[in-house]
Every structure is written in C-alpha cells, then in structure tokens.
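Reading through the structure tokens given below for one structure.
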Amino acid sequence: MTSPIDIVIRRPDDWHVHLRDGDIMKAVLPYTSAQFGRAIVMPNLKPPVTTVAQAADYRRRIEAAIPADICFEPLMTCYLTDATEPGEIARGFSEGVWVAAKLYPAGATTNSHHGVTDVAHIYPVLETMQRIGMPLLVHGEVTDPDIDIFDREQVFIDQILSRLLRDFPELKVVLEHITTAQAVDFVSEASARLAATITPHHLMINRSSIFEGGIRPHLYCLPVAKREHHRLALRLAATSGAPRFFLGTDTAPHLAHTKEAACGCAGIFNAPTAMQCYAQVFHEEGALDQLEAFASLNGPRFYGLPVNLDRLRLRFQPKGAGIPPDLAVGGGNITIFASDVAASWQIEAVAA
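In this note's numbering, each number is its position in the sequence shown, counted from 1, plus 84.
See below:
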C-alpha cells in the first residue's frame, strides 16, 4: 500500500472497553477518549460494579480523569450476578446511570468469578430489562471444562443464547467480541434485536499467531482467537455494511508481568491503535467506504443514541511517526497491540 489515503468519518464510539481503575485507568483513558466519543465501560472491577451507587462512583472517577480538552462520555454497565435485584436494575436505568447490563458466565474471563452460574437465575432481571428496553451485553462462552476452549462460543450460542432469545423475544442483546463464522451466521440470521461487536485483534490474528516463534502471551485473550477461516468470516462481516455488526475493541490492559507469568492474564490492550487497525483491515478488504458505518453509525442506531457530530480524519502515511510498543504505568508497562500498524496511520479530530 503506497498511495496516499485521507478519509474523514463521524467520530466513532467504542461499544466494549475495559478502563480498569486507579493508575491504570488514568494511563489508558486518554487513548480511548482521543479516538472515541463514547464508550461502553465494562464493570468487571475488583469488586465488580453491581449497584447503582458503585456505577455512579466509577463514572465520576472516569470523568475526573478525562483530559481537559477532550469531550468523551463513559456509558456505564451493571455486572449481573445470581443475586442481582430487578428493582436495582430498573432504578439504575431510569436514573441514567446504567446504559446496559453485562452477562459474564461465572469463570469465563478476567474477574468473572462473581458472574452468573446459570442464566435461569437471572430470568426475573431479564424480564425487567426486556420491559424497560435495557440492552443485555453477553460474553458468549460456556465455562464447562469438558468443552474445548475453541468450541465454547458455538456451544454457548447453541445451548444458552438461542434459548434466551426465544424466552425473551423483545430483549435487545449484543453478543460481544465474536470470534467464529458460526457467530457471524447466527447474528446475520437472527432478528434485528441481536447485534455483535468485533475487535480489531480478532480481525488481524488467528490462533496460530499466538504461537509464531514461541508463545506470545500478549496475543492471548478471551474469547481466544480461532482458525483462519473464522478470522476471514469476521472480516467479511465487519466490512459488509450490515447494520448489526459494529465496533467494540475489548481493549483490556494488563501489566506485562501479569501476562508473562506462569498463568498469564487474558486481554489485549489496543486502545492506542484501534482505529488505525480497523482502517488497515478495511483498506485491505477494499471497504474503506464501509468503515464509517461499522465504527460510527451502526452502534448508536442499535442503542438508540444520536451519532456523534464531530469527525475523525484517518490519513495513511507510509513513513509516519510510530508509537512506542509499551505504555509505562508506575513501575511496570503495558504492551500495545500492533504498534507497527499505527505507525502508518495518522489520526486527528475534525470539528463538527
């Protein structure tokens, strides 16, 4: 790719982000807020964000850390547990604290051990969410250790999600960070109340990437990357213009020493490079004309929110300035995904 490229799109939103808290949140937030107008903030802190008061406090901490010259809105979510009360869900949604609720199957991913052990336990909550129009965000994997890790998304769709959609025909659901061709097909064939987010890393790596030249722990995430034909199916879905696939980075920062450990953490930190990676993928697929729909239009329309008025310029410069491969945080560092790709794409905000 040598020809200059200069495109302007409406400012995108990130419909799945892990900001963490404390020093890490303060270090990573400027990258998300620089690229995105809004972000759905995941609630899997320690302890998880399960009450309206906790969510309001977390939002205040995020807002206090937003750079002074940036306009950015954090959209808060509730961490569902077996003990979640329908009344608390309804109150948080009516007060504008929560935008959605997150279903983590217990043990499925980072800080999910407080999650739901059986979806049947939260049926009263789901009935309330369906009635008030509150979206459900789903980490779509089963946790049965007898199920191969590469099959857990498909089994979740077959055994849990299909039944959930049948039992709650008006509930809006987002199947997050999909990784398989089967998930693409399921969403494509379902009703308009089901959508899916796709990460930049699942568009760029497959499961072999994790083992190229040795184990690469900074490419380990959950759901884990799958075979090449699944990656290609995700790229086709993302670049198709189909309205129910949209951007969700699932950026998930971990200090390097916790990923390079005997039992390393799952998660890829892509906030500094997300839009550059998406632009690269869409260019490779000959679909830059579809990037705005995927990044900036489909998500707000599904959530019933207005699109952003300001814009983002992405300019390809083969000899552009690169970014460091790591972000320093305190006495440690966080590895940045695909920093080499970001060296070729320059991003700047454009006023409305």
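Ideal Cβ positions, reconstructed from N, Cα and C, are used throughout, including at glycine. Remember, predicted model here, so these are calculated numbers, not experimental data.
Write down the C-beta distance between Leu396 and Val434 rounded to the nearest angstrom, noting that I regard them as a contact closer than 8 Å.
The residue given as residue 396 occupies position 312 in the sequence shown. The residue given as residue 434 occupies position 350 in the sequence shown. Leu396 to Val434, Cβ: 7 Å. Contact.
Quick one: using the 10 Å Cβ neighbour count with 16 as the cut-off for buried, is His341 buried or exposed?
For the purposes of this step, residue 341 is taken as the residue at position 257 of the sequence shown. With fewer than 16 Cβ atoms within 10 Å of its Cβ, His341 is classed as exposed.
By the 10 Å Cβ neighbour count, where 16 or more other Cβ atoms means buried, how is Phe270 classified, buried or exposed?
Counting from 1 along the sequence shown, the entry for residue 270 is found at position 186. Burial call: buried.
On the criterion of 16 or more Cβ atoms from any shown chain inside 10 Å, does Ala336 qualify as buried, or is it exposed?
As a position in the sequence shown, residue 336 is number 252, starting the count at 1. Classification for Ala336: buried.
For Met85, which residues from the same chain have a beta carbon less than 6 Å from its beta carbon, with the 5 sequence-adjacent residues on both sides left out?
Within the sequence shown, residue 85 is the residue found at index 1, counting from 1. Here the model assigns Met85 a pLDDT of 44, short of 50, so the residue's position is not dependable and the matter cannot be decided.
So what does DSSP say about Lys343, is it helix, strand or coil?
Position 259 of the sequence shown, counting from 1, holds the residue named residue 343. In the structure shown, Lys343 sits in a helix (DSSP, three-state: H, G or I).
Alpha carbon to alpha carbon, how far is Leu411 from Ser111? Give it in angstroms, no decimals.
Taking the sequence shown and counting its residues from 1, the one referred to as residue 111 is at position 27. Taking the sequence shown and counting its residues from 1, the one referred to as residue 411 is at position 327. For the record, residue 111 in the displayed sequence is Ala; it is not Ser. Each residue's alpha carbon lies about 8 Å from the other.
Report the three-state DSSP secondary structure of Tyr304 (helix, strand or coil).
Translated into the one-based positions of the sequence shown, residue 304 becomes position 220. It is coil, neither helix nor strand.
Using 10 angstroms around the beta-carbon of Ser117, count the other beta-carbons present and answer buried if the total reaches 16, otherwise exposed.
Within the sequence shown, the letter at position 33 stands for residue 117. With 16 or more other Cβ atoms within 10 Å, it is buried.
Looking only at its own chain, which residues have a Cβ that is under 6 Å from the Cβ of Met218, when we skip the five neighbours before and after it?
As a first step, residue 218 must be located in the sequence shown, where it is residue number 134. Cβ within range, chain order: Phe177.
Leaving aside the five residues before and after Pro327 along the sequence, list all residues of the same chain whose C-beta is less than 6 Å from its C-beta, in chain order.
Looking up residue 327 in the sequence shown gives position 243. Contacts found: Asn382.
Can you tell me whether Asp299 is buried or exposed, with buried defined as 16 or more other CB within 10 angstroms of its CB?
Residue 299 sits at position 215 when you count from the first residue of the sequence shown. According to the sequence shown, residue 299 is Ile rather than Asp. Classification for Ile299: exposed.
Thinking C-alpha only, which one of Asp373, His197, Val183 is nearest Val257?
The count along the sequence shown starts at 1 and reaches residue 257 at position 173. Taking only the C-alpha atoms, the option nearest Val257 is Val183.
Using only the alpha-carbon positions, how far apart do Arg319 and His261 sit?
Here residue 319 corresponds to residue number 235 of the sequence shown, with the count starting at 1. Here residue 261 corresponds to residue number 177 of the sequence shown, with the count starting at 1. So the alpha carbons of these two residues sit roughly 13 Å apart.
For Asp107 and Val413, which I take to be in contact (beta-carbon distance under 8 Å), what is that distance rounded to the nearest angstrom?
Here residue 107 refers to the residue found at position 23 when the sequence shown is read from its first residue. Here residue 413 refers to the residue found at position 329 when the sequence shown is read from its first residue. Indeed, because the Cβ distance is near 6 Å, the residues count as touching under 8 Å.
Measure the alpha-carbon distance for Arg122 versus Asp394 and round it to whole angstroms.
One-based indexing of the sequence shown puts residue 122 at position 38. One-based indexing of the sequence shown puts residue 394 at position 310. Whole-angstrom Cα-Cα distance: 12 Å.
Would you give the residue range spanned by the alpha helix (DSSP H) that Tyr362 belongs to?
Here residue 362 refers to the residue found at position 278 when the sequence shown is read from its first residue. Where Tyr362 is concerned, the enclosing alpha helix (DSSP H) stretches over 358-368.
So what does Glu157 bridge to, in DSSP terms?
Taking the sequence shown and counting its residues from 1, one reaches residue 157 at position 73. According to DSSP, which records beta bridges pairwise, Glu157 is partnered with Arg122.
State yes or no: is the beta carbon of Pro158 nearer than 8 Å to at least one beta carbon in chain C?
Among the protein chains of the structure shown there is no chain C, as only one such chain exists.
For Ile216, report the span of its alpha helix (DSSP H) as first-last.
Indexing the sequence shown from 1 puts residue 216 at position 132. Taken as a continuous stretch (DSSP letters only), the alpha helix (DSSP H) holding Ile216 covers 207-216.
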